[in-house]
Amino acid sequence: MRVVTSHIVPITLICLFCFAVRAEPIETLTWQDCVNEATQNNPDLVASQQDIQIKKEDKHLAQAGLLPQISATGQKNWSEGEGMVGGFAGTGGTGRSPNGYSFGITAGQLLFDGFKTVYDVQAAVKDVTAATWGDVVVSANVRLQLRSAFVELLKEQELVTLSKSIASRRRQNYQLIELRYQAGREHKGSLLTAQANLLQAEVSVTQAQRDLLLAQQLLLKTLGRIEKTPIRVKETMVSVMRNRMRPNFEQLADQNPFLKQVTAQKEMNQYVLNSAKSDLLPDISLNTSVSQTSSDWPPDQIQWSAGLNLTMPIFEGGKQIHQIQKNRAQYRQSLAKEQSVHNSLVYTLQESWTKWQDAIDSYSVQQKYLAAAVERSKIASAQYATGLVSFNEWTIIEDNLVNAQKAHLMAKTDVLSAEAAWRQAQGESLHVAEKQ
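Heads up: the sequence shown is residues 127 to 562, going by the working numbering.
As structure tokens, this is what we get:
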């Protein structure tokens, strides 16, 4: 027996050591850590920033139409011949020698196109503005997603701790009732009820641990991480309310980045409409070219030309008219959308602010309920131990304590979630510093 024991202890130590080595360290993140990481890695933010770059390049393309267009040409001619490959004399056959060389420069400058190109540039500028505000909107949405995932993980961490505490309390209660049952001071129904309560508490611990893993994955996804490593978050689960005065929702709506994005799109559509109207006007451009040609190299015969080109649309099957009507409808649509977005924002701001205030009030109420439930539980436990209250009365009070603890945690979570929704309704992005 001694020999077996001497081998069991080292093997047990080795197993414990291997488990400790294999256990992955859990990374602890603060809210600011999450903000910094999501700003760099979140795929929605990366895509939005690239959209701004695309719009900027479109603006540069539109501006290029206002600048001179210059090109160079060069030519080497053969009249005929065999063994020619791609316009060059081959090494065999009876091909003739080249009989001409030329090179030159051609330049063109737009003089007037009914200001179409100018309107196109202005429309592109407004498109960049809209994309920039759109990036703020995306950032605000990502902030809400990130904050919601952060708060969810924060809640699940605390719920695991609370569930274990409840399970420990249920276990102690069961042991007390089991002793009273064995002593004949409690009936079997009370014992079975205590067993069921204990089982429910243990199941709640298991469920909370599973939900914790799921909350970790949600936060990792929102952060934009590829490698899924264990994490936990750290923050006080109480939101301090400093000023509960009713804000000016109309003013907040006017400052909202989503409305600014829609307004920029409306202004862009106005320039697009003006550009379409310009298609009915003539285009005037200046073209010039200089070249040198000769049968010998280098060519020494200089030729040049210059002229004005005038293009005037006469009839294209009504294409321009229908294009103008389409662009006018798009502009009117953007006007209506701007008004609709403004009205929706006013309501959304008021709704989210109201829910935040309600959540704060509910949290204050749950704090009182929890304090009362804790005190009642202390008194009832002492009374039950001395036989002053029955099992039925005592277990109801114990159940109320468990419910109050869970409701208090949910109320704290609701405050943080409602605050995040309120910030998102205002268009607060990840780049805005947290208000302390």
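No residue lacks a Cβ here, since even glycine has one placed at the ideal position from N, Cα and C.
Given the structure is predicted, the values throughout are model-derived calculations rather than measurements.
By Cβ distance below 7 Å, which residues in the same chain neighbour A499 in space, the five residues on each side in sequence not counted?
The sequence position of residue 499 within the sequence shown is 373, counting from 1. Excluding residues within five positions, the ones whose Cβ falls inside 7 Å are N526, L527, A530.
Please go through the same chain and pick out, in chain order, the residues whose beta-carbon is closer than 6 Å to the beta-carbon of D253, but skip the five residues on each side of it.
Residue mapping note: residue 253 aligns to position 127 of the sequence shown, counting from 1. The answer, listed in chain order, is K181, M394.
Kindly confirm or deny that the region 471-484 and the region 373-389 touch, where touching means at least three C-beta pairs closer than 8 Å.
yes
Buried or exposed, going by whether 16 or more other CB atoms sit within 10 Å of the CB of L406?
For the purposes of this step, residue 406 is taken as residue 280 along the sequence shown, with counting starting at 1. Looking at its Cβ environment, which holds fewer than 16 other Cβ atoms inside 10 Å, L406 is exposed.
S411 and Y245 - do their beta-carbons sit closer together than 8 Å?
Here residue 245 corresponds to residue number 119 of the sequence shown, with the count starting at 1. Here residue 411 corresponds to residue number 285 of the sequence shown, with the count starting at 1. With respect to the 8 Å criterion, Y245 and S411 are not classified as neighbours on the basis of their beta carbons.
Please work out which residues of its chain come closer than 8 Å, Cβ to Cβ, to R370, disregarding the five sequence neighbours upstream and downstream, and give them in chain order.
Taking the first residue of the sequence shown as 1, we reach residue 370 at position 244. Excluding sequence neighbours, R370 sits near Q483, I486.
Taking only the alpha-carbon atoms, compute the straight-line gap between K452 and K403 and give it to the nearest angstrom.
Walking along the sequence shown from the start, residue 452 turns up at place 326. Walking along the sequence shown from the start, residue 403 turns up at place 277. Taking the straight line from one Cα to the other gives about 11 Å.
To which residues of the same chain is R358 closer than 7 Å at the C-beta, ignoring the five residues directly before and after it?
The residue you call residue 358 lines up with position 232 of the sequence shown. Cβ neighbours of R358 beyond the five flanking positions: I152, T154, Q283.
Whose C-alpha, out of P424, A508, S431, is nearest the C-alpha of G226?
For the purposes of this step, residue 226 is identified with residue 100 of the sequence shown, where counting begins at 1. For G226, the nearest C-alpha among the options comes from P424.
Exposed or buried, V541, counting other C-beta atoms within 10 Å across all chains shown (16 or more means buried)?
Along the sequence shown, read from residue 1 onward, the residue named residue 541 stands at position 415. With 16 or more other Cβ atoms within 10 Å, it is buried.
Report the residue from R273, L193, A275 whose alpha carbon sits nearest the alpha carbon of F238.
Within the sequence shown, residue 238 is the residue found at index 112, counting from 1. The candidate whose alpha carbon is nearest that of F238 is L193.
Which residue's Cα is closest to the Cα of Y489: K538, T474, A462?
Along the sequence shown, read from residue 1 onward, the residue named residue 489 stands at position 363. Nearest option by C-alpha distance: K538.
Taking the straight line between their C-alpha atoms, what separation do you get for N435 and P169?
By one-based count along the sequence shown, residue 435 stands at place 309. By one-based count along the sequence shown, residue 169 stands at place 43. Computed Cα separation, rounded: 49 Å.
Determine the direct distance from the alpha carbon of I450 to that of E183, and round the result to whole angstroms.
As a working mapping, residue 183 is identified with position 57 in the sequence shown. As a working mapping, residue 450 is identified with position 324 in the sequence shown. Taking the straight line joining both Cα atoms gives about 25 Å.
Compare the C-alpha of V277 against each of K314, Q342, T232 and name the closest.
Residue 277 sits at position 151 when you count from the first residue of the sequence shown. Taking the Cα of V277 as reference, the smallest distance to any Cα among K314, Q342, T232 is reached at Q342.
Throw me the rounded Cβ distance for the N382 and G553 pair, which I believe falls under 8 Å.
For the purposes of this step, residue 382 is identified with residue 256 of the sequence shown, where counting begins at 1. For the purposes of this step, residue 553 is identified with residue 427 of the sequence shown, where counting begins at 1. Between G553 and N382 the Cβ distance is about 5 Å, and since that is below 8 Å, they are a contact.
Starting from the Cα of Q179, find the closest Cα among Q326, A551, A250 and give me that residue.
Along the sequence shown, one-based indexing puts residue 179 at 53. The shortest Cα separation from Q179 among Q326, A551, A250 belongs to A250.
Have a look at G230, K290, R502 and flag the residue whose alpha-carbon is nearest the alpha-carbon of V416.
In the sequence shown, counting from the first residue as 1, residue 416 sits at position 290. When only C-alpha atoms are compared, the closest one is G230.
Take L279 as the anchor and find which of D177, L345, D422 has the nearest alpha-carbon.
Numbered from its first residue, the sequence shown carries residue 279 at position 153. Looking at D177, L345, D422, the one whose alpha-carbon comes closest to that of L279 is L345.
With DSSP as the reference, label A379 as helix, strand or coil.
Taking the sequence shown and counting its residues from 1, one reaches residue 379 at position 253. A379 falls in the helix class under three-state DSSP.
Mark Y473 as exposed unless 16 or more other C-beta atoms lie within 10 angstroms of its C-beta, in which case mark it buried.
Taking the sequence shown and counting its residues from 1, one reaches residue 473 at position 347. Exposed.
If you reduce the DSSP assignment to three classes, tell me which class G212 lands in.
As a first step, residue 212 is located in the sequence shown; it is residue number 86 there, counting from the start. Caution is warranted here: a pLDDT of 47 is assigned to G212, below 50, making its placement in the model unreliable, and no coordinate value can be reported.
Around the Cβ of Q201, are there at least 16 other Cβ atoms within 10 angstroms (buried) or fewer (exposed)?
For the purposes of this step, residue 201 is taken as the residue at position 75 of the sequence shown. Q201 comes out exposed.
With distance defined between alpha-carbon atoms, name the residue in T156, Y397, R311, D426 nearest to A188.
Counted from its first residue, the sequence shown places residue 188 at position 62. For the residues T156, Y397, R311, D426, the minimum Cα distance to A188 belongs to Y397.
State the beta-bridge partners of V359 as determined by DSSP.
Translated into the one-based positions of the sequence shown, residue 359 becomes position 233. Paired residues: L155.
Put S555 into one of helix, strand or coil per three-state DSSP.
Taking the first residue of the sequence shown as 1, we reach residue 555 at position 429. Three-state DSSP puts S555 in coil, outside helix and strand.
To the nearest angstrom, how far is the alpha carbon of A388 from that of N167?
Here residue 388 corresponds to residue number 262 of the sequence shown, with the count starting at 1. Here residue 167 corresponds to residue number 41 of the sequence shown, with the count starting at 1. Residue identity differs from the one stated: residue 388 is Val in this sequence, not Ala. For V388 and N167, the distance between alpha carbons rounds to 27 Å.
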